[in-house]
Structures are given as structure tokens and as C-alpha cells.
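Protein chains in written order, with our numbering: chain A, 69 to 384; chain B, 260 to 979.
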């Protein structure tokens with residue numbers, strides 16, 4: 069495919085990132101692609117699936133390839149908000165209150181098993197994710213830029229979990245389901261190709277500055293008016309769908325635009341095409357929907373795909 | 260199989276109809292039609308009772324819809340046979356071949372069948388039969404009707420019949436098995452089907468309304484077009500014509516004149532004949548329908564509808580004539596009348612002066628009286644046959660007819676007249692030889708009291724250059740038209756004054772009595788036999804019933820001039836009645852504009868301005884809306900871009916291979932799909948990427964890329 073010369077930094081980075089991640093997370097091109105869409109569009113990522121399919125591996129791998137500071141939070145029921153954001157302590161030497169930043173102050177934050185912690189702690193994450201800042205004792209502290217949060221959760225566990233409320237799910241740009249590996253991939257894992265063991269070999273391919281520039285480039289990717297219409301149309305149609313109790317918010321359209329831009333850049337294009345919108349729509353929209361039968365990511369994804377399959381694409 | 264079983268099998272019931280709404284709609288339609296027929300005077304008390312029982316019959320047949328009903332059918336069949344027998348019996352009393360007499364018993368028979376049928380309408384098919392036969396009843400009522408009252412029955416019937424057709428169709432649809440739903444993905448089927456179904460039912464209602472209104476519009480347009488284009492009902496060619504009397508009340512003086520509507524204003528009674536007072540003003544009470552006509556009387560009857568006349572052409576409906584003039588008052592020289600008696604129709608013999616005339620064109624007139632009036636029998640000039648309910652009528656020497664009974668409202672009779680087929684040329688050709696006037700005519704219709712000198716001079720001066728009698732008449736008419744004014748408000752006639760002189764030289768205004776009298780006097784003075792006739796102008800034709808509606812104010816007096824070989828010919832400068840030789844009506848809708856103009860309310864002038872202004876505004880607004888829509892469409896229809904053209908070519912190539920593009924498929928997806936299907940080569944997907952870039956990147960692709968795409972599309976057969 070002809071690749072225009074003006075596709076710059078971000079595309080190169082995306083290629084590099086994809087290659088690096090593929091070495092560790094074997095046979096999962098779609099989760100890798102969507103994880104990078106979240107990263108490059110400046111959003112946050114939620115990895116969802118049953119235990120043992122590599123959720124944490126993907127999250128860790130993404131954290132490693134992005135340079136800069138990295139913190140990991142293992143969410144537990146007794147985790148307190150202050151343990152995430154940090155606390156003010158009185159410094160005896162300087163005779164004043166001093167802020168000790170918590171683990172959220174990092175470029176990449178991995179929140180493992182996010183649904184195991186209490187709603188109180190989960191909600192502390194809200195402000196951090198959306199506003200990229202935390203407030204402790206009335207003082208607001210900006211989080212580092214870039215700030216990329218990767219969370220994992222097992223949706224099929226019920227005992228001792230606190231399912232994310234709709235507002236929090238909305239904060240994640242993309243939700244990825246890992247899916248079971250194929251037979252060949254599983255065999256490769258057994259033979260020592262990729263997997264947790266190879267995580268140590270993974271090196272950062274991008275530094276915070278590079279990521280900032282890449283995100284800026286993604287966000288300025290050209291989007292034709294017809295494509296903007298095409299972004300709004302599925303959201304509107306989904307909202308009007310009778311089986312949807314709570315539809316996608318206007319924020320989701322903005323997120324969908326950024327995600328489609330990231331997808332375009334990763335595909336080597338300097339503009340958003342309807343194909344890009346289509347390939348990220350389900351991942352961006354489905355976790356925001358509340359169906360009349362209750363939250364069900366699978367059914368929601370099916371519904372979004374069926375709606376997208378009925379919305380006419382712009383002809384040009 | 261026994262005969263009884265066979266009968267049962269043949270009469271096996273269809274599925275009973277459960278819809279009560281449908282039954283009610285059919286009942287209303289049948290009831291409206293039956294009442295329409297009954298109000299036209301069909302049937303006796305028994306039939307009226309049966310019509311009143313219609314709702315009960317429908318209720319019964321609804322309750323019995325699931326029953327076998329064999330014995331009911333048998334009973335109904337017997338009852339229908341009885342009705343038919345009664346119909347045959349009633350035919351025995353009428354003359355063979357007289358259709359008009361058959362039509363009433365036939366309508367009665369049909370009504371009976373309909374009423375009996377109402378007892379056994381279990382299925383939709385039976386109800387629909389009821390609706391169709393109610394249409395026939397409406398047609399019967401339409402034939403019998405002479406007034407606009409039928410309109411209300413027609414409206415009720417039309418609404419009910421339309422409703423029952425719709426309800427029957429709906430009921431038929433509900434009996435069909437529902438269509439299976441289209442299979443869909445499990446997760447969305449329920450919700451989506453709810454969505455789609457809802458949308459469909461809304462759309463369906465819109466479609467039904469559109470279809471119904473379109474049908475109504477077409478029917479109205481076709482009916483209006485037919486109404487305006489079709490010729491009117493032609494001359495009745497009947498065998499027997501309607502005639503009826505509500506009550507037979509002999510008049511006091513057999514052969515004499517009786518006009519109860521004049522009351523105390525009757526000059527014959529001597530009282531109330533005030534100078535200049537309009538006493539004879541009640542409806543039929545035109546003072547001309549009396550033994551004498553005083554031209555000093557003023558005032559005219561009101562606008563009451565006095566009678567309806569069914570005739571194929573307009574004419575003067577003449578009541579009687581006057582021959583003796585004394586300078587102020589018209590009287591009859593003789594009251595001697597001849598008794599005509601016999602069956603209906605009654606042949607009317609010719610009177611002196613009219614004997615041996617060639618037969619003219621026949622004009623059948625049926626008079627339906629609405630008010631009690633004089634016992635004169637109206638008829639266009641020269642009645643030859645009379646259909647009259649009373650066997651005895653009286654003929655005066657002038658040829659006009661009088662009844663021996665009082666003619667009250669709801670009486671009807673038919674006169675067949677032979678009208679001389681005259682035109683201007685024929686009248687000019689039939690010029691009078693003064694010596695050739697038969698003595699009988701000359702004695703009665705040339706006598707005059709002394710004519711004032713001024714009148715005499717005027718008559719001679721006006722007609723000096725007129726070569727024929729016809730031209731003399733026209734000359735006098737023309738002079739009066741130019742020099743006098745028609746008005747109902749004229750000063751009282753001074754005592755001792757000559758009415759003609761007063762009108763022509765003093766007042767110079769007058770109404771029909773003065774105008775016609777002047778014409779008669781001047782003609783007699785010139786040696787031309789003439790007389791004064793009184794009666795009615797044709798009245799206004801109601802285009803919907805085809806009947807002439809004659810009102811009290813249509814009472815009129817006009818002159819009749821005698822022509823050898825033609826007889827009496829009416830002349831009147833004020834009434835617009837064509838000569839018999841001229842053409843008649845051209846369209847069924849003739850007279851509709853004047854009919855409507857007379858009935859529609861007269862809005863004030865500003866209302867017309869407002870309506871016109873609103874209409875102009877509405878048209879302008881509609882134009883602006885339309886223009887904007889056109890402009891918007893033109894704007895939306897911008898020229899197709901190169902990318903769109905390429906997509907169209909690719910679609911054509913795919914469609915040619917039986918693989919249409921789905922609207923939700925992008926160019927690249929479509930190209931990939933075609934590629935998997937073995938269309939083109941790897942460059943196809945590259946071309947799709949270029950097309951996508953051209954469409955959405957905001958920058959046109961290079962000429963080289965375009966050439967590449969064109970080449971690829973050409974290879975896969977995408978025609979430009």
C-alpha cells in the first residue's frame with residue numbers, strides 16, 4: 069500500500085510498539101491494536117476477561133514499552149483513596165505540611181483487578197482519570213503528562229467484587245477483551261516464546277516526550293465533515309435503539325473520533341476514513357451502554373456492530 | 260343424498276362475521292337507503308313499520324350468526340315469495356307496459372327483499388350484499404326524488420357505506436394468518452421488531468389515509484367532470500307520467516276559477532282590491548290567477564317555492580289568458596268551458612284558431628305543486644295531452660285548462676305540449692294577412708276600447724318601417740326597452756287614467772303587466788290579434804335534481820301574438836325564454852352558477868378582499884416553500900466528486916457480478932470483498948485506498964494515482 073510521506077512520528081512509533089508488544093503478547097493482534105489506540109488517542113484502557121488469558125501481561129507490556137515512570141496498584145477491598153493519591157505529612161525539619169505523592173503520580177499506572185476495590189477508592193480514580201489531577205487536603209496536584217492508566221478486571225467474578233459503575237466505565241476510552249489464545253499460540257507459550265518470561269526482554273520504545281508528541285499528532289489528524297457525520301450517526305442510532313437503557317454520551321463521540329484518528333495513524337493515514345471509525349466503534353462504544361437486560365459487554369458489542377452494519381457510510 | 264341435505268350443503272354458511280362495528284356501519288347504510296326510498300312516498304304503513312324494525316333485524320341476525328338458520332331461511336324465502344306475489348298483484352291494476360307505474364311497486368318489492376334479508380346476514384359476504392343492494396335503493400330514491408332533501412340521506416349513506424367497506428377489508432385481513440417475522444440476530448430481534456413494527460404501523464396509517472383521500476379525490480373529480488360534460492336528461496319518453504292528488508276537494512264553481520291563496524285579495528270577491536296596494540302577495544297568490552287582472556294593483560308575491568317542474572326545456576308555464584281590455588283591467592269575455600273527461604291521459608282538443616296546426620316538438624312537463632294554489636292547470640303553450648289524477652277537467656275557449664278539484668300542495672300532474680318549432684325566420688315568413696284573420700280570432704282578440712291618441716300615434720310611428728308582424732312586435736319591444744324602465748315600485752294608477760298611456764308617457768316605469776298590456780294594445784290597434792297570458796317564467800333550474808324550481812316571484816304576465824299556421828306565440832322583453840326552435844340545455848350542470856349564486860350567502864365586499872388576499876398569500880407562501888425546497892435540493896445535489904464517481908463504477912462492476920454494495924460497506928471493505936470473490940487483483944484494494952484518501956483526506960490525490968485507479972476500474976469492468 070502506498071504510504072504518503074507526511075505520515076510521521078506517530079505512525080513509526082505505532083509500528084514499533086506493535087512489533088514490541090507482539091513479541092510478548094503472542095497471537096493477540098486485536099487487543100494490541102486497541103491498546104495502542106487507547107494509548108495514542110490519549111485515553112485509558114480497561115482489559116477485561118477471565119483469569120489466565122494475559123490481561124496483566126498485556127497491561128504490563130504496554131507499561132514497559134512506554135518509558136517514563138511506572139506504578140502498579142493491586143486493587144484490594146482495603147485499599148484507601150489516600151493510598152492512591154498520596155497524603156500530606158508534617159515535615160518536622162521544614163515545619164510545614166508536605167505532600168507525599170501516591171502511586172497515581174506516574175506516566176503509566178496499572179490498576180490490577182480494579183473491581184476488587186471499594187467504590188470509594190474507585191471513585192478516587194475518577195478525578196485522576198478524567199481531569200489528570202488529584203486533590204488532597206484541598207490542594208490540587210497535576211498528574212504527570214502523559215498519564216496513561218491501564219486497568220484489568222475479571223467481570224465473571226462476583227464474590228468480593230464491586231462492579232464499576234457506568235460513570236467509571238465511561239472514563240475508559242477503550243475496553244479490550246483478551247479472548248482465549250489459539251492452539252498454536254498456546255503451544256508457543258509452552259515452548260517459551262513470549263509470555264511473562266519474555267517481559268523482561270521488553271524495552272521502552274517511546275519516552276514521555278515522544279508519546280506526548282504522538283498524541284498531539286493523532287489528535288490533529290484530519291477528519292472530513294462527512295466522516296464526522298458518520299461518527300455521530302452510530303452513536304445516535306445506538307441511543308435510539310429500544311434495547312438500550314442508557315446510550316453513549318456525547319463524550320463517547322469525541323472519544324470515538326480520537327480513537328478513529330489513532331486507528332488512522334496506525335494504519336499509516338493522515339486522515340480518518342469510515343473504515344477507521346468502523347474498526348474501533350465497538351471497542352469504544354459498547355462498554356458505555358446499559359442494555360435493558362443489564363450491563364453485558366458481549367451483547368452490547370453485538371448491538372453496536374449490528375447498528376454500525378446498518379448505518380450507511382458516506383460516499384465521499 | 261336427499262334433496263334437503265343438498266339444499267343444506269348449498270346454503271352452508273361462510274364464517275360468521277364477528278365485527279360489531281361492521282354490522283353497525285352496514286345497518287346505517289341500509290337504514291339511510293331505506294329511509295331515502297320511503298320518504299319519496301314509496302310503500303304503505305306496513306313497509307314503514309318494517310323499516311323501523313331494521314335495527315332489530317340486524318340485532319337478531321347478529322345473535323343468530325352461529326346458528327344453522329335453515330328454517331329461518333325457509334321462512335324468509337316464503338316471505339319473499341309473498342312479497343313478489345303482492346308485487347304481481349299490484350301490477351294488475353295498471354295498464355300494461357306503463358313503466359312509470361311499475362317503478363313504485365318494484366321499489367317496494369326491492370325494499371321488502373332488503374328488509375327480509377336483514378334478518379339473515381351472518382357472514383361478511385351477506386353484509387356486503389346488503390351494502391350493494393342499499394346502493395340500488397339509493398339509486399331508486401334518486402330517480403324518485405324531486406328535491407334536494409335526498410342529499411342528507413346520500414351523505415349518511417356514503418359515509419356508512421365507505422366505513423363498512425373499510426371495516427370489511429380490515430375484518431378480512433384479520434382472518435389471514437400473520438406473516439412470519441424475518442429471522443434476525445437473537446440479541447436484537449425483540450427490540451428491533453418492536454421498533455420496526457411501530458414504524459410500519461405508523462407508515463401504514465399514513466398510506467391508508469393517502470390512499471383513501473386519493474380515491475375520494477379521483478371519484479369527486481370524475482363525478483364533477485361527468486356532471487359538467489354530460490348532456491342533461493333528455494325528453495321523457497314515457498308511457499305514463501306522474502299525477503297525484505293528496506285530497507280530492509271539488510272547487511265551489513265547477514269550471515270556474517278558484518284561487519284560495521288569494522284570500523280576501525281575490526278581485527272576484529270584490530273586497531280588498533285597494534288601489535296601489537300589494538295585497539295578493541302570499542306565495543301562489545299572484546293576482547293574475549283570477550277572473551280579472553287589474554293593472555292598478557301593485558306588489559308581487561314572495562319568494563316561496565310554489566312548484567317544481569320537470570321539463571327538458573324551459574318555457575312559460577302558462578296558467579290562463581285574458582282577452583277583454585277596458586283601459587285598466589283585463590277580464591275574460593266568456594267563462595264558458597268545455598268539460599273534458601276520460602282516463603289518463605286526457606286528449607286536449609284544439610280550440611278555434613289553433614285547429615289544424617302542424618304538430619310541433621313535444622315538451623313533457625310534470626308539475627309538482629308545493630303550495631296550495633289556483634285550480635288552473637299550468638302548461639307550456641298548446642297542451643295536447645294531460646295526465647291528471649281527477650277524471651274531469653275544464654277547457655276554456657282560449658285553450659287553457661282548469662281543474663275541477665282544488666290543487667293543493669303535493670299534487671302533481673303532467674302536461675304534454677306541442678310547441679310550434681319556430682325561429683325568427685319562420686315567424687317572419689308566417690306574416691299576417693289582415694284579411695286572413697279567422698272571424699273567431701278577430702272577434703275576441705282585436706277588440707279595443709278607444710285608444711288614446713298618443714298611444715295610437717306611437718304604435719304607428721314605431722311600426723311604420725316594420726315589414727312583418729314579427730318585426731312590428733320587436734320594434735315595439737325595442738322602443739319600450741330603450742325608453743321605459745322595469746321596476747316593481749311604480750306610483751299608483753290615477754283614477755280614470757288609461758294604464759297604457761300612463762305607463763308609456765307618464766311613469767315610464769312599469770312591470771310585466773304594464774309592458775305586456777302595452778304590447779297587446781298596440782298590436783291590436785295595428786290589427787294584429789294579441790292577448791295577455793299569465794303564469795310563471797321557467798324558474799331556476801336546479802342542476803342537481805334537474806327540475807325547475809318555480810317561486811312565487813316568478814309569476815309573470817306576457818303577451819301572446821297570433822300567427823297564421825303557428826298559433827299563439829309568446830313575446831316578452833323581460834323574460835329570457837328561448838324560442839322553441841332554438842336549442843335547449845346543453846349540459847346536465849346547466850344553470851349551476853346561477854343556482855349556486857342564488858343560494859350561497861352573499862359575503863360583504865371586504866370578505867371577498869380578505870379571501871382573495873389570503874389566497875394570494877397562501878399561493879405566495881406555497882411558492883416560497885417550494886422554491887426553497889428546490890434550491891435546497893439543488894444545493895444538496897452538488898456535482899459528484901471523482902471519488903463518488905469511482906465508487907459508482909466499482910458498484911457497477913460488483914453489481915454486474917451479482918454482488919451489490921451494502922450501504923454500510925466502505926469502499927475498502929467492498930473492494931476487499933470483491934477481491935475475495937475473485938474480482939480484479941491486488942491493485943483493487945490499493946485503488947480503494949486511494950479513492951478513500953481522495954474522499955476523506957481533504958486533499959486530492961495525484962494524477963498518477965487517479966490514472967492507476969481508472970486503469971484498475973477499467974480492468975474490473977467499471978463503466979464510466
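Cβ atoms here follow ideal geometry from the backbone N, Cα and C, with glycine treated the same way.
These numbers were taken from a predicted model, which means no experiment stands behind them.
Query raised in the report: Three-state secondary structure (DSSP) at residue 513 of chain B?
Result: Residue 513 of chain B: coil per DSSP, three-state reduction.
Query raised in the report: Whose C-alpha, out of A:350, A:307, A:247, A:112, is nearest the C-alpha of residue 195 of chain A?
Result: Minimum Cα distance to residue 195 of chain A is reached at A:112.
Report task. Give, in chain order, every unbroken run of the alpha helix (DSSP H) that is at least 4 residues long and sits entirely within the region 941 to 976 of chain B. Result -> The qualifying runs are 942 to 955, 962 to 975.
Report task. Give me the Cβ distance between residue 574 of chain B and residue 492 of chain B, rounded to the nearest whole Å; I'm assuming they're in contact under 8 Å. Result -> Contact annotation, residue 574 of chain B with residue 492 of chain B: C-beta distance approximately 16 Å; criterion of less than 8 Å not satisfied.
Report task. Determine the extent of the alpha helix (DSSP H) in which residue 932 of chain B is found, giving its start and end residues. Result -> Taken as a continuous stretch (DSSP letters only), the alpha helix (DSSP H) holding residue 932 of chain B covers 926 to 935.
Query raised in the report: Using Cβ-Cβ distances below 9 Å, what residues of the region 277 to 294 of chain A are close to chain B?
Result: Among the residues of the region 277 to 294 of chain A, those with a Cβ less than 9 Å away from any Cβ of chain B are 290, 291, 292, 294, in the order of the chain.
Query raised in the report: Does the region 801 to 814 of chain B touch the region 594 to 614 of chain B, meaning 3 or more C-beta pairs lie closer than 8 Å?
Result: With a cut-off of 8 Å, the region 801 to 814 of chain B and the region 594 to 614 of chain B do not count as touching, because too few Cβ pairs lie within range.
Query raised in the report: Tell me which same chain residues have a C-beta within less than 8 Å of the C-beta of residue 725 of chain B, skipping the five on either side of it?
Result: Within its own chain, the residues whose Cβ lies closer than 8 Å to the Cβ of residue 725 of chain B, once the five positions on either side in sequence are excluded, are 731, 733, 734, listed in chain order.
Report task. Taking only the alpha-carbon atoms, compute the straight-line gap between residue 956 of chain B and residue 283 of chain A and give it to the nearest angstrom. Result -> Rounded to the nearest angstrom, the two C-alpha atoms are 19 Å apart.
**Report entry** Sequence-distant residues of the same chain with beta carbon closer than 6 Å to residue 792 of chain B, five excluded per side
**Finding:** Excluding sequence neighbours, residue 792 of chain B sits near 577, 580, 817, 819.
Requested in this report: Pull up the DSSP beta-bridge partners for residue 548 of chain B, would you.
Outcome: DSSP lists no partner for residue 548 of chain B.
Requested in this report: Put residue 916 of chain B into one of helix, strand or coil per three-state DSSP.
Outcome: Under the three-state reduction of DSSP output, residue 916 of chain B falls in the coil class, being neither helix nor strand.
Query raised in the report: Tell me which same chain residues have a C-beta within less than 7 Å of the C-beta of residue 151 of chain A, skipping the five on either side of it?
Result: If the five residues before and after residue 151 of chain A are omitted, its C-beta is found closer than 7 Å to the C-beta atoms of 170, all from its own chain and listed in chain order.
Report task. For residue 407 of chain B, name the three-state secondary structure that DSSP assigns. Result -> Correct three-state label for residue 407 of chain B: coil.
Query raised in the report: Taking the C-alpha atoms as reference points, what is the distance between residue 247 of chain A and residue 348 of chain A?
Result: One C-alpha to the other measures close to 17 Å.
**Report entry** Cβ-based neighbour list, residue 234 of chain A, same chain, cut-off 7 Å, excluding 5 preceding and 5 following
**Finding:** Excluding residues within five positions, the ones whose Cβ falls inside 7 Å are 314, 358.
Query raised in the report: Hey, is residue 951 of chain B's beta-carbon within less than 7 Å of any beta-carbon in chain A?
Result: Judged by the 7 Å Cβ criterion, residue 951 of chain B is in contact with chain A.
**Report entry** Bridge partners - residue 275 of chain B, DSSP secondary structure assignment
**Finding:** Answer is B:382, bridged to residue 275 of chain B.
Requested in this report: Please state if the CB of residue 372 of chain A and the CB of residue 305 of chain A are separated by a distance shorter than 7 Å.
Outcome: In this structure, residue 372 of chain A does not lie closer than 7 Å to residue 305 of chain A by Cβ.
Query raised in the report: Would you call the region 274 to 281 of chain B and the region 368 to 385 of chain B in contact, with 3 or more CB pairs under 8 Å?
Result: As far as the Cβ criterion goes, the region 274 to 281 of chain B touches the region 368 to 385 of chain B, which means the pair count is three or higher.
**Report entry** Rounded straight-line distance, which links the Cα of residue 374 of chain A to that of residue 231 of chain A
**Finding:** The alpha-carbon atoms of residue 231 of chain A and residue 374 of chain A are separated by roughly 26 Å.
Query raised in the report: With 16 other CB atoms within 10 Å as the buried threshold, where does residue 440 of chain B fall?
Result: Because the pLDDT at residue 440 of chain B is just 41, under 50, the model does not fix this residue reliably, and the value given afterwards should be weighed accordingly. Residue environment for residue 440 of chain B: exposed (fewer than 16 other C-beta atoms within 10 angstroms of its C-beta).
Requested in this report: Assign residue 477 of chain B to one of three DSSP states: helix, strand, or coil.
Outcome: Here residue 477 of chain B sits in helix by DSSP.
Query - Neighbouring residues, chain B, relative to residue 383 of chain A (Cβ below 9 Å) - result: Near residue 383 of chain A (Cβ distances below 9 Å), the residues of chain B are 899, 900, 902, 903, 906, 907, 926, 954.
Query raised in the report: What residue ranges within the region 158 to 239 of chain A form continuous beta strand (DSSP E) runs of no fewer than 3 residues, ordered along the chain?
Result: You should have 164 to 169, 176 to 180, 201 to 204, 207 to 210, 216 to 221.
Query - Beta-carbon neighbours of residue 338 of chain A, restricted to chain B and to distances below 7 Å - result: Those within 7 Å of residue 338 of chain A in chain B are 956.
Query raised in the report: Using a C-beta to C-beta distance shorter than 8 Å, which residues of chain A count as neighbours of residue 923 of chain B?
Result: Within chain A, 376, 377, 378, 379, 380, 381 have C-beta atoms less than 8 Å from the C-beta of residue 923 of chain B, given in sequence order.
Query raised in the report: In chain B, what lies closer than 8 Å to residue 97 of chain A by C-beta?
Result: Those within 8 Å of residue 97 of chain A in chain B number zero; the least Cβ separation is about 17 Å.
Requested in this report: Report buried or exposed for residue 506 of chain B, applying the criterion of at least 16 other Cβ atoms within 10 angstroms of its Cβ.
Outcome: It counts as exposed.
Requested in this report: Put residue 630 of chain B into one of helix, strand or coil per three-state DSSP.
Outcome: In the structure shown, residue 630 of chain B sits in coil (DSSP, three-state: anything other than H, G, I, E or B).
Report task. Measure the Cβ-Cβ separation of residue 686 of chain B and residue 729 of chain B and say whether it is below 7 Å. Result -> In this structure, residue 686 of chain B lies near residue 729 of chain B, with their beta-carbon atoms less than 7 Å apart.
Query - Residues that residue 343 of chain A contacts on chain B, provided the C-beta gap is smaller than 8 Å - result: Within chain B, the residues near residue 343 of chain A are 925, 927, 928, 951.
Query raised in the report: Any C-beta of chain A sitting closer than 7 Å to the C-beta of residue 450 of chain B?
Result: Residue confidence for residue 450 of chain B is low, a pLDDT of 41 falling below 50, so the modelled location carries little weight; the figure read from the coordinates is stated next. Closer than 7 Å to some Cβ of chain A, the Cβ of residue 450 of chain B qualifies, so yes.
Query raised in the report: Which runs of the beta strand (DSSP E), 3 residues or longer, sit entirely within the region 285 to 315 of chain A?
Result: Restricted to the region 285 to 315 of chain A, the beta strand (DSSP E) segments that are unbroken, complete and at least 3 residues in length are 312 to 314, listed in chain order.
**Report entry** Assigned exposure category for residue 386 of chain A - 16 Cβ within 10 Å defines buried
**Finding:** Outside the modelled stretch of chain A, which goes from 69 to 384, sits residue 386 of chain A, for which no answer is possible.
Query raised in the report: With distances taken from CA atoms, which of B:341, B:365, B:340 is nearest residue 350 of chain B?
Result: Comparing Cα positions, the closest option is B:365.
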